[in-house]
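Written below as structure tokens is the structure these notes are about.
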Amino acid sequence: AQKVTQAQTEISVVEKEDVTLDCVYETRDTTYYLFWYKQPPSGELVFLIRRNSFDEQNEISGRYSWNFQKSTSSFNFTITASQVVDSAVYFCALSEGDSGTYKYIFGTGTRLKVLA
Amino acid sequence: GAGVSQSPRYKVAKRGQDVALRCDPISGHVSLFWYQQALGQGPEFLTYFQNEAQLDKSGLPSDRFFAERPEGSVSTLKIQRTQQEDSAVYLCASSFTSGTAHEQYFGPGTRLTVT
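Residue numbers (my numbering), protein chains in the order written: chain F, 44 to 159; chain X, -6 to 108.
Listed below in structure tokens is the structure:
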């Protein structure tokens, strides 16, 4: 069955620390897509990254980086030199190629608190 | 351009009342999704439209929930005879096309409180 697990419910770090948010997924499909979204206190989900199952290259975008490992079914997200503005709930999501609709299956989210 | 908009942003309904939640997707977006987000949880899929066709309603929790997108743009999620367990944030998202998992753009949500 398809599932996304974000085991870390809440993480607190001090500004400028690095932090990694874990995401583990389960799927039987060979074609699937993984996403990370940020949900700040305002509530609107903000798209961060999309990765398909055939592309295991890691990606870096400014202070953000993502590590996709099919062998461990993980798609982890690292924020380098965290800032207070990074405080939010972060969601990992899975979209399966065979579903036809490409609906998202979300994890339960990780709340990140960055303290000044 | 404008993002996804939803109205109302907040809705308080007495148990048993009907409510209608509106979503205006990004212009030209083919795919439209509704999700329900309970407090402290991740969003859960409700239903999916490709243009005006409702292709997947497997996530609708009961026959009290009904969604439509008659002209392939604006969508309405209707909940009849609301119950307390319907209290949640209802999120609408749109995506440029169908046929692959493009990123979805989310609206700010409608927070429904059933008293």
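Think of the CB as a built atom: it goes at the ideal place given N, C-alpha and C, for glycine as much as any other residue.
Rounded C-alpha distance that separates residue i from residue j
i                : j               : result
A(-5) of chain X : Y28 of chain X  : 20 Å
T48 of chain F   : N110 of chain F : 16 Å
F42 of chain X   : G65 of chain X  : 8 Å
L64 of chain F   : R106 of chain F : 14 Å
Three-way DSSP call (helix, strand, coil) for residue i in this model
i               : result
E69 of chain F  : strand
E78 of chain X  : helix
D17 of chain X  : strand
D61 of chain F  : coil
D56 of chain X  : coil
V127 of chain F : helix
K156 of chain F : strand
9 Å Cβ cutoff, residue i in contact with chain X
i              : result
V47 of chain F : yes
R93 of chain F : yes
S85 of chain F : yes
L88 of chain F : yes
A44 of chain F : no
Test: residue i CB closer than 9 Å to a CB of chain F
i               : result
P101 of chain X : yes
D49 of chain X  : yes
V5 of chain X   : no
P18 of chain X  : no
F38 of chain X  : yes
H22 of chain X  : no
In DSSP terms, what residue i is bridged to
i              : result
S68 of chain X : X:C16
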